[in-house]
Amino acid sequence: MINGILFDMDGVLIDSEQYINKAAVEFFSRKHVKVRSEDFIPYVGAGENNYLGKVAEKYGYPIDLESAKIETYTIYGELIEGKEQALPGVIRFIKNAHKADIAMGIATSADRMKMEINLKVMGLDPAWFKVLLNGRDVERKKPYPDMYVEAAKKMGVPIEQCVVFEDAINGVQAAMAAKAFCCGLTTSFSSGQLLGNGADVIISTLDDFFDFSTKEQFNRELTRLKAKQSAIVAREHAYTPYSKFKVGAAVVSKATNAIYSGCNVENSSYGATICAERGAMMKGLSVEGDFTVDMIVVVSDDSPPAPPCALCLQVLAEFTPSDADVYLHDMNDTAVHYRFNELLPHPFIFPDQRGRRP
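Each position in the sequence shown, counted from 1, maps to that position plus 533 in the numbering used here.
Printed below as a string of structure tokens:
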């Protein structure tokens, strides 16, 4: 179970990357050094020592890092003042986590000056966090694991029981090296880039989470997002030469919490077509034998998100409790939640099997 939350700051809590980039370009411009915005991309999330220092090295311009950072942060503060609020869902998510009594911390490669500017701009109370770690608190910055390992230690939660929210490749690599669960946000890099570097789950912003008020509910939300990720990957393999309508699905085992995914497979004989939901369920059954579905997640490009067909619901009914959660997602981050019996209130179950239904 996840018992602790560690946030990177820039690109996770606040969309500040564009402003620090502009500030860095302006800093060098004032020194009559013409740099490009893309020069800084490899050092996103690695701290301003690298962000400024490596670009200075590239152009052969010697700088005093401490004075360079102060000047850059000053420019940054002027640029971001009054222009940025917390990213969507941040305040709601943090309030939910506080209500659920989940320890929270911030671990940013930026120096304290920038961290304080960001907290002020977002209106976040530092007292909400058990630890506020900045780039000066560890010797080795991201992608090394030191920052997250140290933050978890100060927070009093084993790193293996922490989820890290990251938007940068360097940060994802740090979280993976630390052995934390990593949730990647696509505010700075693509989902493919984040997954390719080890992220366990991809979201757009913290607004992708439904409300929660307990640790158990929060962990269930993480399970939903993992299942959604599995369904998205499965959907890419859908065989749909006729309808072109791709669907991915995932079911979560009640006994093991394992996730099984499937995609729709069409056939020239339409009756032979296998839907994604049935494919996922059959995979779980073939692995576990005595199988009960705890959660169903379906992903399609339909809007509003499409539910399972009546045939799939009827098949699932013999393996799914009536109050099981069903989450329907489209490709634009719209999500709808149902209980199974809302989609199929009166399934047909053969008389001598009715007592065996989950």
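C-beta atoms are modelled at their ideal positions from N, C-alpha and C, and glycine is treated no differently.
| Asked | Found |
| --- | --- |
| In the DSSP assignment, what residue or residues form a beta bridge with Gly-527? | Coverage of the chain is limited to positions 534 through 891, which leaves residue 527 absent and any answer about it impossible. |
| Considering just the uninterrupted stretch of the beta strand (DSSP E) at Phe-540, what are its terminal residues? | 537-540 |
| Taking the alpha-carbon of Ala-620 as reference, which of Asp-827, Phe-540 and Glu-749 has the nearest alpha-carbon? | The sequence given here places Leu at residue 620; Ala does not occur at that position. Of the candidates Asp-827, Phe-540 and Glu-749, the one whose C-alpha sits nearest the C-alpha of Leu-620 is Phe-540. |
| Between Asn-730 and Val-705, which are expected to be in contact by the criterion C-beta below 8 Å, what is the C-beta distance as a whole number of angstroms? | 5 Å |
| Beta strand (DSSP E) containing Leu-666: first to last residue? | 664-666 |
| May I have the straight-line CA-CA distance separating Ile-807 from Ser-776, to the nearest angstrom? | 13 Å |
| Quick one: grab the DSSP three-state call for Val-588. | helix |
| Count Cβ pairs between the region 832-839 and the region 859-870 that sit closer than 8 Å; are there 3 or more? | yes |
| Return the chain-ordered ranges of every beta strand (DSSP E) run that is complete within the region 647-690 and spans a minimum of 3 residues. | 664-666 |
| Going by Cα to Cα distance, which pick from Leu-665, Ile-702, Phe-560 and Gly-812 is closest to Ser-600? | Phe-560 |
| Which residues in the same chain have their Cβ closer than 7 Å to the Cβ of Ile-736, if we skip the five residues on either side of it in sequence? | Cys-716, Leu-718 and Leu-758 |
| Checking the sheet assignment: what are the DSSP bridge partners for Ser-562? | Answer by DSSP bridge pairing: none, since Ser-562 is not bridged. |
| Where do the ends of the alpha helix (DSSP H) carrying Gly-822 lie? | Per DSSP, Gly-822 belongs to no alpha helix (DSSP H) and is neither H nor E. |
| Within 8 Å, do at least three Cβ pairs link the region 601-608 to the region 644-653? | yes |
| Compute the beta-carbon to beta-carbon distance between Glu-810 and Val-832, rounded to the nearest angstrom, for a pair I have assumed lies under 8 Å. | About 11 Å separates the two Cβ atoms, so there is no contact after all. |
| Would you be able to state if there are at least three C-beta pairs under 8 Å between the region 534-554 and the region 621-636? | yes |
| What span of residues does the beta strand (DSSP E) with His-862 cover, start to end? | 858-862 |
| Rounded to whole angstroms, what is the Cα-Cα separation between Met-646 and Ser-855? | 53 Å |
| At a cut of 8 Å, does the region 732-748 reach the region 790-805 through at least three beta carbon pairs? | no |
| Jot down the residue ranges of each uninterrupted alpha helix (DSSP H) in the region 724-786, minimum 4 residues, whole runs only, in chain order. | 724-729 and 748-768 |
| Suppose the cutoff is 6 Å on Cβ atoms and the five residues either side in sequence are ignored; what does the same chain contact list for Asn-511 look like? | Only positions 534 to 891 of the chain appear in the structure, and residue 511 is not among them; the question remains open. |
| Spell out the partners DSSP gives Tyr-871 in its beta bridges. | Val-859 |
| If you reduce the DSSP assignment to three classes, tell me which class Gly-544 lands in. | coil |
| Label Arg-673 either buried or exposed according to how many other C-beta atoms from any shown protein chain fall within 10 Å of its C-beta, with 16 as the threshold for buried. | exposed |
| What are the boundary residues of the beta strand (DSSP E) that includes Met-534? | Counting along the chain, Met-534 falls outside any beta strand (DSSP E), and DSSP gives it neither H nor E. |
| On the DSSP bridge list, what partners appear for Phe-714? | Val-696 |
| Give the single residue among Thr-853, Cys-695 and Phe-714 whose Cα lies nearest to the Cα of Ile-635. | Cys-695 |
| So Ile-692 packs on Leu-665, CB below 8 Å; how close in whole Å? | Wrong, their Cβ atoms sit about 17 Å apart, outside the cutoff. |
| Could you please give the first and the last residue of the uninterrupted alpha helix (DSSP H) stretch that includes Ile-608? | 598-613 |
| Taking the straight line between their C-alpha atoms, what separation do you get for Gly-537 and Tyr-772? | 40 Å |
| So, is Ala-589 buried or exposed, given that buried needs 16 or more other C-beta atoms within 10 angstroms? | buried |
| Among the residues of its own chain, which have a CB less than 6 Å from the CB of Ile-596, if the five just before and after it don't count? | Ala-589 |
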